[in-house]
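S.K.: Residue 99 in numbering that gives the first Met the number 0 sits at position 100 of the sequence shown, with consecutive numbering throughout.
Backbone N, C-alpha and C fix where the C-beta goes; we use that ideal spot for every residue, glycine too.
Everything numeric in this text was worked out from a predicted model, so none of it was measured.
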Amino acid sequence: MTENKTYYEKFCNENELPIFFQPWWLNASAGTRGWDVVIYKKSNQIFGVLPYLLKKKWSFKFLGIPPFTQHLGPWLIYPKGQKNNTKLAFEKEVLSNLINLLPKANINVIKCHHSIQNILPFVWKGYNSSVKYTYRLKELYENEKNIFNNLSSGTRKNIKKADRLLKIEESKNVSELYNLIQMTYERQKIKTPFSDIELQRLFNGCLKNNCCKIFLAKDSDHNIHSGIFLVWTKKTVYYLIGGSNPDYRNSESMSFLMWESIKFASSFVDEFDFEGTMVESIERFIRGFGATQSPYFQLTNVSPKFLKPLYEKRYNLN
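The structure is reproduced here in structure tokens:
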């Protein structure tokens, strides 16, 4: 383990960071040698960190986001009692230093947590920015009745339909979930961007940290219609990934699964995060659950510029 990683692990133990920032998550999603972190310290106190995935292909270097990871970027610890101008100056100092500490790379992609609002230091360093959206249900804890009432009429109808046909089972069979995910990508004519081995490794890491569940929706003949993978922290349950068998699309199994996941989340956390999407049909599905938009920034830096069209679609550089 590098010295920075040792400091970072201690930093994560002493501060409350999102699940995607945790060292064990990065080990599970990127591999122990697939990620690193830069740290900004002053007077021996850490004020900012920026973990990243590191890849190298041919003579090109890529810094970015590990598989399954919704966001990863700068995380700052603010001194107490800052005025607004002091806060902005602090952000400029910490972010500028973190950017300067990053290793040189041809492609750099950062998806910030939605709490990061000041991205000017990145813009001043030549990064391009775009706005993405995640969707969150808030005030969730022990609030199931109000949440259900806030669902769209179509979503409630779909849930009730599926409830008559299906039952939800907890599972530890990653292969069954992966098969459903593969079917979903195949229907869209997209290659599944991760392997079953990678998904199993992540599940094992989450299971070891007691922060995940796989739910499957099955009919009376034990046919699996859909599956969903949830992960969580003390505050938030995340819909990480899911998939459906296209032969059973009319059963509304995913609406049912999502609702059961939200009910499960409401028993112990205050927030459910559907994760980000820019796809219109998915946005419409999520919106039906009453979730609110939370914008976040994607930051990219490509050098030399001729690489951008080559990697634009693969790494979503827009």
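Could you tell me the alpha carbon to alpha carbon distance between Tyr247 and Trp24, rounded to whole angstroms?
M.R.: Between Tyr247 and Trp24, the C-alpha separation is close to 33 Å.
S.K.: I'd like the span of the alpha helix (DSSP H) that includes Asn203, first residue to last.
M.R.: 195-207 is the extent of the alpha helix (DSSP H) around Asn203.
S.K.: Cα-Cα, which of Phe67, Gln116, Pro66, Phe61 is closest to Leu75?
M.R.: Leu75 has its Cα closest to that of Gln116, out of Phe67, Gln116, Pro66, Phe61.
S.K.: In whole angstroms, what separates the C-alpha of Val301 from that of Asn26?
M.R.: About 26 Å.
S.K.: Return the CA-CA distance between Phe20 and Leu136, expressed in angstroms with no decimal places.
M.R.: So the alpha carbons of these two residues sit roughly 21 Å apart.
S.K.: Considering only residues of the same chain and omitting the five flanking positions on each side of Thr1, which have a CB-CB separation below 7 Å?
M.R.: The answer, listed in chain order, is Asp35.
S.K.: Which residue marks the beginning of the beta strand (DSSP E) containing Gly63, and which one marks its end?
M.R.: 59-63 is the span of the beta strand (DSSP E), which, as asked, contains Gly63.
S.K.: For the putative contact between Leu97 and Leu52, defined by C-beta atoms under 8 Å, what is the C-beta separation to the nearest angstrom?
M.R.: At roughly 16 Å, the Cβ-Cβ gap does not stay under 8 Å, so Leu97 and Leu52 are not in contact.
S.K.: Enumerate in chain order the residues of its own chain whose CB-to-CB distance from Thr154 is below 7 Å, with the five nearest sequence positions on each side excluded.
M.R.: Cβ within range, chain order: Ser254, Gly287, Phe288.
S.K.: Do Thr291 and Val268 come within 8 Å of each other at the CB atom, strictly closer than that value?
M.R.: No, the pair does not count as a contact, with Cβ atoms beyond the cut-off.
S.K.: Given 8 Å as the limit, is there contact between the stretch 108-123 and the stretch 77-85, that is, 3 or more CB pairs closer than that?
M.R.: These segments do not touch.
S.K.: Excluding sequence positions up to five away, which residues of its chain have a Cβ less than 6 Å from the Cβ of Val173?
M.R.: Taken in chain order, the residues that qualify are Leu198, Gln199, Phe202.
S.K.: How big is the Cα-Cα spacing for Cys11 and Gly47?
M.R.: Each residue's alpha carbon lies about 11 Å from the other.
S.K.: By alpha-carbon positions, which one of Pro245, Glu279, Ala216, Phe296 ends up nearest to Ser260?
M.R.: Here the closest residue by C-alpha is Ala216.
S.K.: Which residue comes first and which comes last in the beta strand (DSSP E) that contains Pro22?
M.R.: Segment 22-29 is the alpha helix (DSSP H) holding Pro22; no beta strand (DSSP E) there.
S.K.: Could you please give the first and the last residue of the uninterrupted beta strand (DSSP E) stretch that includes Thr276?
M.R.: Thr276 -> no beta strand (DSSP E), and no H or E assigned at all.
S.K.: Cα-Cα, which of Pro78, Lys79, Ser225, Tyr126 is closest to Asn99?
M.R.: Measuring from the Cα of Asn99, the nearest candidate turns out to be Tyr126.
S.K.: Among all the DSSP beta bridges, which residues are the ones paired with Asn107?
M.R.: DSSP output for Asn107 lists Leu62, Asn300 as bridge partner(s).
S.K.: Quickly, what does DSSP pair Arg135 with across the bridge? List them, please.
M.R.: Answer is Asp272, Thr291, bridged to Arg135.
S.K.: I believe Phe67 touches Leu179 by the beta-carbon criterion, under 8 Å. Please report the beta-carbon distance rounded to the nearest angstrom.
M.R.: The Cβ separation is near 16 Å, so there is no contact.
S.K.: Here's the rule: buried if 16 or more other CB atoms are within 10 angstroms of the residue's CB, otherwise exposed. What is Trp258?
M.R.: When all chains shown are included, Trp258 counts as buried.
S.K.: Can you round the beta-carbon distance between Ala104 and Glu251 to whole angstroms, since I take them to be within the 8 Å contact cut?
M.R.: 44 Å between Cβ atoms; not a contact.
S.K.: Ile45 by DSSP, collapsed to three states: which one?
M.R.: Reduced to three states, the DSSP call for Ile45 is strand.
S.K.: Report the rounded CA-to-CA distance for Asn142 versus Val130, giving the unit in angstroms.
M.R.: Distance between the alpha carbons of Asn142 and Val130: 31 Å.
S.K.: Pop quiz: Thr133 and Gly275 are said to be a contact at Cβ under 8 Å. What is the actual Cβ separation, rounded to whole angstroms?
M.R.: Their Cβ separation, rounded to whole angstroms, is 4 Å, which keeps Thr133 and Gly275 in contact under 8 Å.
S.K.: Between Ser302 and the ligand NAD, is the CB less than 7 Å from at least one heavy atom?
M.R.: With respect to small molecules bound, the structure shown includes none, and the ligand NAD cannot be examined in it.
S.K.: What span of residues does the beta strand (DSSP E) with Phe214 cover, start to end?
M.R.: Where Phe214 is concerned, the enclosing beta strand (DSSP E) stretches over 211-217.
S.K.: Helix, strand or coil for Lys166, going by three-state DSSP, please let me know.
M.R.: It is a strand residue.
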